[in-house]
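Undergrad: In the numbering used here, the protein residues as written are 10 to 122.
(1) According to the neighbour-count rule (16 or more other Cβ atoms, all chains shown, within 10 Å of its Cβ), is residue 45 buried or exposed?
(2) Taking the alpha carbon of residue 24 as the reference point, which residue from 94, 116, 52 has its own alpha carbon closest?
(3) Mind listing, in chain order, the continuous beta strand (DSSP E) runs of no fewer than 3 residues lying wholly within the stretch 30 to 95?
(4) Quick one: what's got a C-beta closer than 8 Å to residue 55's C-beta in the same chain, skipping five residues either side?
(5) Would you call the CB atoms of residue 28 and residue 42 closer than 8 Å?
(6) Only counting the same chain, and skipping five residues up and downstream in sequence, which positions put a Cβ closer than 7 Å to that of residue 105?
(7) For residue 58, which residues of its own chain have a beta-carbon under 6 Å away from its beta-carbon, when the five flanking residues on both sides are left out?
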């Protein structure tokens, strides 16, 4: 059974809008993934993340795409790569991930509420 979060718990999670500025192959990952470089604006800056989104997205599709990510998790070592944020997406059958995005272009770094 899922445990309900308090409003205070939810407010601790910093979900922000960022723009992917670069996507590269990540051959060292156990499952197919990309290494993403994401711009979260002046306050947060540039962060890197690993994302298992190769089923649905090509590297070329990702450049310039605005996504939603959690930016206040601890860094996580994935192989030889340090992931600095968690890119969010909906997970379907066979780990088919669809990225959470904004339907309008907005300023990088805006908080999701």
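Each residue gets a CB set at the ideal place from its N, CA and C atoms; glycine is no exception.
TA: Let me lay it out:
(1) Its Cβ being crowded by 16 or more others within 10 Å, residue 45 is buried.
(2) Put simply, of 94, 116, 52 the residue whose alpha carbon is nearest the alpha carbon of residue 24 is 94.
(3) Those beta strand (DSSP E) runs which fall completely within the stretch 30 to 95 and span 3+ residues are 43 to 48, 55 to 60, 75 to 79, 85 to 87, 90 to 92.
(4) Correct list, in chain order: 30, 46, 47, 48, 49.
(5) The answer is no: Cβ separation not under 8 Å.
(6) For residue 105, where only same-chain residues beyond five positions count, the Cβ hits under 7 Å are 64, 65.
(7) 45, 92, 94, 96, listed in sequence order.
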